[in-house]
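Chemist: Protein chains in written order, with my numbering: chain Z, 1 to 408; chain G, 1001 to 1074.
Glycine is no exception: its CB is placed at the ideal position from the N, C-alpha and C atoms.
Quick one: the structure is below, questions incoming.
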């Protein structure tokens, strides 16, 4: 969410103008003070809502990204293509296509299954409507995997105010997931006809962006997410101290709260500092803190260099254990490492090169971008079962992005 | 009647004082804020992908600026 920046001159109703109007109204009407006061209140309210300056639609742009992830025995790669175009003065359309091609032999797979290859495809379409200082967006997303289908609808509304120094934002999303299990028969993979589960999700978002000074802009965001239905993985098992295994059992509801604060500061020379913090907690007992700091430095007209450092720490879900006691049964049991206690650190570098300096034909601007992130995950209470020492598990991963962006 | 008038006058003055709150950063002072390097999300296609990476590997979700979608990424 970015606060709208005024383009053009703001016309404000000043106290002097309102006072002059009041004197004119009293002289002309000769009516009672009450009617004048209500007229003043009405004019004041109109002045607040009249478009002093308009908000703007998102930029028309085309992006083509190639992404590559490798780490922890998992390789995921594929394209992501996104386009947005404005139709008329008030409406903008967007579309996105995304693919994950997955080759996996993660620690979970090593302990309970064999290496597998999978593909996930996701498509999105959206529309944004602008009226004066308000922006309304609707988006629909669907994705398909060999054992998981998801659909979601998203609504958001933003409102600029106080001379475009402040932007209020609210959003709502609804998701519908269908979970299946795959069977491998004679080398062919198909869905198990006897297994089909559902899960629904709702997201409620509130946010405010505030320009604090000529160099500083901040953003505060809150999101409530509720899930109900089948929320666990149909393939994963929990482990007991006697070596036995049992299918995971999760609660069928989950509710989470997340609040984040972000700030961007423009340094005295042309460069920017970025900082963010997010606090998270949910009804499964997971608590997490996320910090991210970054630095952006343009060089001459063509180059922009970026760097960032992110740290994340999480406490485990209250029904997670690495090993369960077979003589102390629990209603809910999980051994998903994503629900364990762990920490992670990410260091990232990125560079952009401006291909099209002052525009060429219908292209206003074009950049080629490359970024590389190195991630390390260290688990406190998830052990590596691939060897007899059962040391706490850890892995590192590299994430590469190469993409072209065009503005028109 | 006088109390009623005073109440309405006070209400109107409060509304007027709210209207008179002038932007402390004038439009002609926002050049640095309009610089693309100051955007919270200069490359949405990249941000969306990185958020997807983190949500598939971490228990926390939300308040990261994206709208997300379902994924059996576990």
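Please tell me whether residue 100 of chain Z and residue 119 of chain Z are closer than 8 Å, where the distance is taken between their beta carbons.
Modeler: One-based indexing of the first chain puts residue 100 of chain Z at position 100. One-based indexing of the first chain puts residue 119 of chain Z at position 119. Against a cut-off of 8 Å, the Cβ pair of residue 119 of chain Z and residue 100 of chain Z comes out as a contact.
Chemist: Roughly how far, in whole angstroms, is the beta-carbon of residue 260 of chain Z from the beta-carbon of residue 1063 of chain G, given that I think they are within contact range, below 8 Å?
Modeler: Here the question's residue 260 of chain Z lines up with position 260 in the first chain. Here the question's residue 1063 of chain G lines up with position 63 in the second chain. About 4 Å; that satisfies the 8 Å criterion.
Chemist: With 8 Å as the threshold, decide whether the Cβ of residue 163 of chain Z is near any Cβ in chain G.
Modeler: Residue mapping note: residue 163 of chain Z aligns to position 163 of the first chain, counting from 1. With 8 Å as the cut-off, residue 163 of chain Z counts as an interface residue toward chain G.
Chemist: Below 8 Å on C-beta distance, what does residue 1043 of chain G contact in chain Z?
Modeler: The residue given as residue 1043 of chain G occupies position 43 in the second chain. The contacting residues are 63, 369, 403 and 405.
Chemist: Starting from residue 312 of chain Z, find everything on chain G with Cβ-Cβ shorter than 9 Å and list it in chain order.
Modeler: Numbered from its first residue, the first chain carries residue 312 of chain Z at position 312. What residue 312 of chain Z touches in chain G: 1054, 1058 and 1060.
Chemist: Can you pull the DSSP bridge partners for residue 79 of chain Z?
Modeler: One-based indexing of the first chain puts residue 79 of chain Z at position 79. According to DSSP, which records beta bridges pairwise, residue 79 of chain Z is partnered with Z/66.
Chemist: Assuming the contact rule is C-beta atoms closer than 8 Å, residue 1051 of chain G and residue 405 of chain Z should be a hit. Round their C-beta distance to whole Å, please.
Modeler: As a first step, residue 1051 of chain G must be located in the second chain, where it is residue number 51. As a first step, residue 405 of chain Z must be located in the first chain, where it is residue number 405. About 18 Å separates the two Cβ atoms, so there is no contact after all.
Chemist: Does any residue of chain G bring its CB to less than 8 Å from the CB of residue 399 of chain Z?
Modeler: Taking the first residue of the first chain as 1, we reach residue 399 of chain Z at position 399. For residue 399 of chain Z, the answer is yes, since a Cβ of chain G falls inside 8 Å of its Cβ.
Chemist: Just to confirm, are residue 1032 of chain G and residue 266 of chain Z a CB contact at a threshold of 8 Å?
Modeler: Along the second chain, read from residue 1 onward, the residue named residue 1032 of chain G stands at position 32. Along the first chain, read from residue 1 onward, the residue named residue 266 of chain Z stands at position 266. Yes; because the gap between Cβ atoms is below 8 Å, this pair is in contact.
Chemist: Say whether the segment 335-355 of chain Z touches the segment 304-312 of chain Z, bearing in mind that this needs 3 or more beta-carbon pairs closer than 8 Å, one atom from each stretch.
Modeler: Because the criterion of three Cβ pairs below 8 Å is met, the segment 335-355 of chain Z and the segment 304-312 of chain Z touch.
Chemist: With 16 as the cutoff for other CB atoms within 10 Å, does residue 66 of chain Z come out buried or exposed?
Modeler: Locating residue 66 of chain Z in the first chain gives position 66, where the first residue counts as 1. Counting Cβ neighbours within 10 Å, residue 66 of chain Z comes out exposed, since fewer than 16 surround it.
Chemist: Within a Cβ cutoff of 6 Å, which residues of the same chain sit near residue 234 of chain Z, ignoring the five residues on either side of it in sequence?
Modeler: As a working mapping, residue 234 of chain Z is identified with position 234 in the first chain. 181, listed in sequence order.
Chemist: Could you give the residue range of the beta strand (DSSP E) that holds residue 218 of chain Z?
Modeler: As a position in the first chain, residue 218 of chain Z is number 218, starting the count at 1. Per DSSP, residue 218 of chain Z belongs to the beta strand (DSSP E) from 216-229.
Chemist: Just confirm the distance between the C-beta atoms of residue 78 of chain Z and residue 395 of chain Z, as a whole number of angstroms; I'd bet it's less than 8 Å.
Modeler: Sequence index remark: in the first chain, residue 78 of chain Z carries index 78 (1-based). Sequence index remark: in the first chain, residue 395 of chain Z carries index 395 (1-based). Actually they are not in contact, since the Cβ atoms of residue 78 of chain Z and residue 395 of chain Z sit about 21 Å apart, beyond 8 Å.
Chemist: When the Cβ atoms of the segment 312-326 of chain Z are set against those of the segment 240-255 of chain Z, are three or more pairs found closer than 8 Å?
Modeler: Judged by Cβ distances under 8 Å, the segment 312-326 of chain Z makes contact with the segment 240-255 of chain Z, as three or more pairs qualify.
Chemist: Pull up the CB-CB distance for residue 137 of chain Z and residue 167 of chain Z, whole angstroms please, since I reckon it's below 8 Å.
Modeler: Position 137 of the first chain holds residue 137 of chain Z. Position 167 of the first chain holds residue 167 of chain Z. About 13 Å; that fails the 8 Å criterion.
Chemist: Please name the residue, chosen from Z/131, Z/193, Z/271 and Z/332, that lies closest to residue 1039 of chain G on a Cα-to-Cα basis.
Modeler: Within the second chain, numbered from 1, the residue matching residue 1039 of chain G stands at position 39. The shortest C-alpha separation from residue 1039 of chain G is found at Z/271.
Chemist: In angstroms with no decimal places, state the Cα-to-Cα distance between residue 68 of chain Z and residue 55 of chain Z.
Modeler: Mapped onto the first chain, residue 68 of chain Z falls at position 68. Mapped onto the first chain, residue 55 of chain Z falls at position 55. Residue 68 of chain Z and residue 55 of chain Z: Cα-Cα distance of roughly 36 Å.
Chemist: Just verifying my parser: in three-state terms, what is the DSSP assignment at residue 246 of chain Z?
Modeler: Stepping through the first chain from its first residue, residue 246 of chain Z is reached at position 246. In the structure shown, residue 246 of chain Z sits in a strand (DSSP, three-state: E or B).
Chemist: Whose C-alpha, out of Z/159, Z/376 and Z/392, is nearest the C-alpha of residue 206 of chain Z?
Modeler: Reading the first chain from its first residue, position 206 is the one you call residue 206 of chain Z. Nearest option by C-alpha distance: Z/159.
Chemist: In this structure, how does DSSP classify residue 119 of chain Z when only helix, strand and coil are distinguished?
Modeler: The count along the first chain starts at 1 and reaches residue 119 of chain Z at position 119. Of the three classes helix, strand and coil, the one that applies to residue 119 of chain Z here is strand, per DSSP.
Chemist: Of all the CB atoms in chain G, is at least one closer than 8 Å to the CB of residue 318 of chain Z?
Modeler: Your numbering for residue 318 of chain Z matches position 318 in the first chain. It does not; no Cβ of chain G falls within 8 Å.
Chemist: Using 10 angstroms around the beta-carbon of residue 1060 of chain G, count the other beta-carbons present and answer buried if the total reaches 16, otherwise exposed.
Modeler: Within the second chain, residue 1060 of chain G is the residue found at index 60, counting from 1. By the 10 Å Cβ count, residue 1060 of chain G comes out buried.
Chemist: Anything in the segment 90-109 of chain Z with a Cβ closer than 7 Å to a Cβ of chain G? List those residues in chain order, please.
Modeler: The residues in question: there are none.
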